[in-house]
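J.:
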Ligand code: NAD
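In the UniProt record's numbering, the protein residues as written are 1 to 553.
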């Protein structure tokens with residue numbers, strides 16, 4: 001057995017199998033792809049993104065998972081408990097090859113201190129959403145959702161474009177790094193604050209961020225210049241957001257839109273005022289409780305300034321990192337004065353079963369993604385925003401790890417795309433199978449009162465039966481791997497969510513599975529929103545034939 005420690009991991013490419021079939025091979029390659037240094041934020045620690053979101057519990061678990069996938073048969077299922085492989089069961093060929101449960105805790109125990117205690121004992125890991133479920137595709141994964149969100153802001157407040165506006169945000173990590181490019185793709189100017197100079201350098205290297213300013217003065221000067229010329233520009237600046245955002249407010253900076261994507265969901269991953277960035281990890285490890293208190297107090301200052309910008313007329317929203325909840329815990333009373341992005345912009349899409357559909361080419365060849373891009377343009381010729389995204393993504397998105405693509409598709413669309421990809425694999429138009437998955441942040445797969453299910457019409461924000469039904473329906477429909485997680489982007493105690501990945505290997509069986517999974521999975525979004533009383537979801541269900549028993553008979 002090889003020594004189990006950190007090492008560079010890169011998914012195999014090409015058409016040679018390292019396992020007994022493409023379904024197992026896909027799981028192996030996507031796990032390894034999550035840990036590719038081009039993809040993962042801290043691969044040595046098995047951390048993929050989102051604070052401490054991991055792909056496997058520890059290196060011995062990673063080795064045991066890859067070893068087991070190497071021999072797993074087409075009628076066997078590997079069980080993974082918070083990143084550790086715990087069993088192999090005989091199932092059948094329609095069953096998933098891997099079932100994963102990550103970070104789940106019983107309600108009364110679902111707190112960060114208890115989670116950390118169990119993590120220290122080696123009994124669990126933080127799975128985030130797509131880290132522990134092996135379908136993270138780098139920053140592109142969130143780029144399209146962020147692009148859509150800013151496009152919705154532009155439509156709501158600025159006549160359809162961000163040209164001539166300045167957005168202020170913080171956090172240029174794995175997910176937050178999508179913000180500058182999403183803003184410039186919408187024509188706007190972005191000032192992005194991060195306390196880690198490496199996050200800024202990385203986004204510049206990947207062409208998600210245009211320039212770096214030496215300080216806030218230079219950032220503002222560059223921003224005003226670009227805004228006045230209606231020229232898109234993104235500017236990174238190294239600072240603590242808890243100081244920089246109040247500072248900019250106090251100066252009366254002309255900011256039109258404010259949001260944030262620091263890892264606020266995990267107080268140990270948010271830099272408090274008064275702590276040097278270099279000392280952050282040591283300080284957090286030395287005194288987690290004290291650090292948490294200081295981080296929350298800093299978040300309260302940060303959120304107070306965001307509210308200040310809202311009072312001054314800016315469009316302000318929480319971008320799904322729980323910063324309002326943390327600020328409230330620190331005693332700041334107006335933390336929820338600005339909305340989360342889902343009720344503000346995304347819910348109408350969820351009513352149509354729309355969500356972050358994504359796929360990756362197991363061949364490793366970008367030509368395969370280019371072929372799928374063309375297929376999407378052919379399949380949905382009337383959807384201009386989708387076409388604009390696919391064309392821009394083809395030109396501007398830097399692939400990290402295996403080439404991949406994301407676009408938001410709805411009920412009645414995802415299955416068409418999946419079947420087309422499977423046909424293209426079968427005909428040889430695409431060289432190797434395509435892995436089709438999605439973020440857990442989807443229309444019918446998550447219960448998260450601070451994010452996806454904030455302010456549901458019927459008050460059902462915290463009802464967590466939906467993600468569980470979603471996981472079960474995907475298992476029953478033939479997905480290749482299915483996961484149920486707790487915590488995700490908003491933190492322990494605040495969400496339950498499920499994921500599925502289905503492999504288009506060009507076989508007739510894969511085609512059958514894809515048709516069911518990619519119909520039923522977004523179908524959960526439609527029925528969840530019908531049940532909550534959204535008229536738009538009811539119209540979609542009626543038009544597209546989604547059965548709702550309470551409306552029949
Ligand atoms: P990450 O850990 O990769 O990056 C976080 C960044 O924030 C780091 O670069 C860090 O240096 C910076 N940071 C921390 N404290 C700071 C401070 N006080 N001032 C300035 N910068 C600070 O995390 P990520 O993957 O980019 O995710 C960011 C957040 O977004 C997380 O809370 C995550 O759960 C959430 N998230 C939201 C969505 C969504 O759709 N809206 C999706 C996924 C994740």
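Ideal Cβ placement from N, Cα and C applies to all residues, glycine included.
Only a predicted model underlies this, so the values are computations on that prediction, with no experimental measurement involved.
What are the complete alpha helix (DSSP H) segments, minimum 4 residues, inside the region 36-116?
T.: 59-71
J.: Assign residue 253 to one of three DSSP states: helix, strand, or coil.
T.: To locate residue 253, count along the chain shown from 1; it is residue 253. In the structure shown, residue 253 sits in coil (DSSP, three-state: anything other than H, G, I, E or B).
J.: Looking at residue 429 and residue 511, is the spacing between their C-beta atoms short of 8 Å?
T.: In the chain shown, the residue the question calls residue 511 occupies position 511. In the chain shown, the residue the question calls residue 429 occupies position 429. Their beta carbons are not under 8 Å apart, which means residue 511 does not touch residue 429 by this criterion.
J.: If you measure from the CB of residue 263, is any heavy atom of the ligand NAD nearer than 7 Å?
T.: For the purposes of this step, residue 263 is taken as residue 263 along the chain shown, with counting starting at 1. Yes.
J.: Helix, strand or coil for residue 491 per DSSP?
T.: Stepping through the chain shown from its first residue, residue 491 is reached at position 491. Here DSSP, grouped into helix, strand and coil, assigns residue 491 to coil.
J.: Compare the C-alpha of residue 116 against each of 96, 142, 20 and 52 and name the closest.
T.: As a first step, residue 116 must be located in the chain shown, where it is residue number 116. It is 52 whose Cα lies nearest to the Cα of residue 116.
J.: Do the CB positions of residue 224 and residue 325 come within less than 8 Å of each other?
T.: Taking the chain shown and counting its residues from 1, the one referred to as residue 224 is at position 224. Taking the chain shown and counting its residues from 1, the one referred to as residue 325 is at position 325. No, the Cβ-Cβ distance between residue 224 and residue 325 is not below 8 Å.
J.: So does residue 242 have its beta carbon nearer than 7 Å to some heavy atom of the ligand NAD?
T.: In the chain shown, residue 242 corresponds to position 242, counting from 1. Yes - the ligand NAD has a heavy atom lying nearer than 7 Å to the Cβ of residue 242.
J.: Assign residue 106 to buried or exposed, taking buried as 16 or more other Cβ atoms, counted over all protein chains shown, within 10 Å of its Cβ.
T.: Stepping through the chain shown from its first residue, residue 106 is reached at position 106. Residue 106 comes out exposed.
J.: Can the beta-carbon of residue 499 be found less than 8 Å from the beta-carbon of residue 124?
T.: As a first step, residue 499 must be located in the chain shown, where it is residue number 499. As a first step, residue 124 must be located in the chain shown, where it is residue number 124. The Cβ-Cβ distance between residue 499 and residue 124 does not fall below 8 Å.
J.: Would DSSP call residue 284 helix, strand or coil?
T.: The count along the chain shown starts at 1 and reaches residue 284 at position 284. Shown here, residue 284 sits in a helix according to DSSP, grouped into three states.
J.: Flag residue 175 as yes when its Cβ comes closer than 7 Å to any non-hydrogen atom of the ligand NAD, and as no otherwise.
T.: The residue you call residue 175 lines up with position 175 of the chain shown. Checking the Cβ of residue 175 against the ligand NAD gives yes.
J.: In terms of residues, what are the limits of the beta strand (DSSP E) holding residue 438?
T.: Here the question's residue 438 lines up with position 438 in the chain shown. 434-438 is the extent of the beta strand (DSSP E) around residue 438.
J.: Residues in its own chain within less than 7 Å of residue 544 by CB, not counting five upstream and five downstream?
T.: For the purposes of this step, residue 544 is identified with residue 544 of the chain shown, where counting begins at 1. Cβ neighbours of residue 544 beyond the five flanking positions: 411 and 412.
J.: Tell me the DSSP bridge mates of residue 167?
T.: As a working note, residue 167 is residue 167 in the chain shown. Beta-bridge pairing links residue 167 to 190 and 257.
J.: Let's see if you can read the secondary structure: which residues bound the alpha helix (DSSP H) around residue 473?
T.: In the chain shown, the residue the question calls residue 473 occupies position 473. Segment 465-477, the alpha helix (DSSP H) holding residue 473.
J.: Within 10 angstroms of its Cβ, does residue 331 collect 16 or more other Cβ (buried), or is it exposed?
T.: The sequence position of residue 331 within the chain shown is 331, counting from 1. The residue in question, residue 331, is exposed, as its Cβ has fewer than 16 Cβ neighbours within 10 Å.
J.: Residues in the same chain with beta-carbon distance under 7 Å from residue 537, minus the five sequence neighbours each way, listed in chain order, please.
T.: By 1-based counting over the chain shown, the position of residue 537 is 537. Counting only Cβ-Cβ distances below 7 Å, and skipping sequence neighbours, we find 351, 526, 529 and 530.
J.: Please tell me whether, using a cut-off of 7 Å, the distance from the CB of residue 195 to the nearest non-hydrogen atom of the ligand NAD is below it.
T.: Working through the chain shown from its first residue, we reach residue 195 at position 195. Using a cutoff of 7 Å, the CB of residue 195 counts as near the ligand NAD, since one of the ligand's heavy atoms is closer than that.
J.: What does the alpha-carbon distance come out to for the pair residue 287 and residue 120?
T.: Sequence index remark: in the chain shown, residue 287 carries index 287 (1-based). Sequence index remark: in the chain shown, residue 120 carries index 120 (1-based). Spanning the two alpha carbons is a distance of roughly 14 Å.
J.: Quick one: what does DSSP say residue 241 is sitting in, helix, strand or coil?
T.: The sequence position of residue 241 within the chain shown is 241, counting from 1. Helix, per DSSP.
J.: Taking the alpha-carbon of residue 437 as reference, which of 159, 414 and 341 has the nearest alpha-carbon?
T.: For the purposes of this step, residue 437 is taken as residue 437 along the chain shown, with counting starting at 1. Looking at the Cα atoms, 414 is the closest of the given residues.
J.: Apart from the five residues just before and just after residue 238, which ones in its own chain have a Cβ nearer than 7 Å to its Cβ?
T.: Position 238 of the chain shown holds residue 238. Answer for residue 238: 194, 195, 197 and 200, listed in chain order.
J.: Please go through the region 499-544 and give each complete alpha helix (DSSP H) segment of 4 or more residues, from N-terminal end onward.
T.: 508-531 and 535-544
J.: Any idea which residues DSSP pairs residue 206 with across the strands?
T.: As a working note, residue 206 is residue 206 in the chain shown. Looking at the DSSP assignment, residue 206 forms no beta bridge with any residue, so it has no partner.
J.: Assign residue 177 to one of two classes, buried (16 or more other C-beta atoms within 10 Å of its C-beta) or exposed (fewer than that).
T.: Taking the first residue of the chain shown as position 1, residue 177 is located at position 177. Looking at its Cβ environment, which holds 16 or more other Cβ atoms inside 10 Å, residue 177 is buried.
J.: In or out: residue 1 buried (at least 16 other Cβ within 10 Å) or exposed?
T.: The residue given as residue 1 occupies position 1 in the chain shown. Low confidence applies to residue 1: its pLDDT is 47, below 50, so where it sits in the model is not reliable enough to give any reading.
J.: Given 8 Å as the limit, is there contact between the region 233-249 and the region 202-212, that is, 3 or more CB pairs closer than that?
T.: yes
J.: Does the region 277-296 come close enough to the region 65-80 that 3 or more CB-CB pairs lie under 8 Å?
T.: They do not touch, by the three-pair rule.
J.: Can you find a heavy atom of the ligand NAD that lies under 7 Å from the Cβ of residue 321?
T.: Mapped onto the chain shown, residue 321 falls at position 321. Yes.
J.: To which residues of the same chain is residue 244 closer than 8 Å at the C-beta, ignoring the five residues directly before and after it?
T.: Here residue 244 refers to the residue found at position 244 when the chain shown is read from its first residue. So the list reads 170, 193, 216 and 237, once near-sequence residues are dropped.
J.: Please determine, among 539, 257, 214 and 308, the residue with the shortest C-alpha to C-alpha distance to residue 251.
T.: Walking along the chain shown from the start, residue 251 turns up at place 251. Ranking 539, 257, 214 and 308 by Cα distance to residue 251 puts 308 first.
J.: Any C-beta of chain D sitting closer than 8 Å to the C-beta of residue 124?
T.: Among the chains of the structure shown, chain D does not appear; only one protein chain is present.
J.: Tell me whether residue 138 counts as near the ligand NAD, meaning its Cβ is closer than 7 Å to at least one heavy atom of that ligand.
T.: Indexing the chain shown from 1 puts residue 138 at position 138. Result no, Cβ not under 7 Å from the ligand NAD.
J.: Does the region 371-383 come close enough to the region 462-480 that 3 or more CB-CB pairs lie under 8 Å?
T.: no
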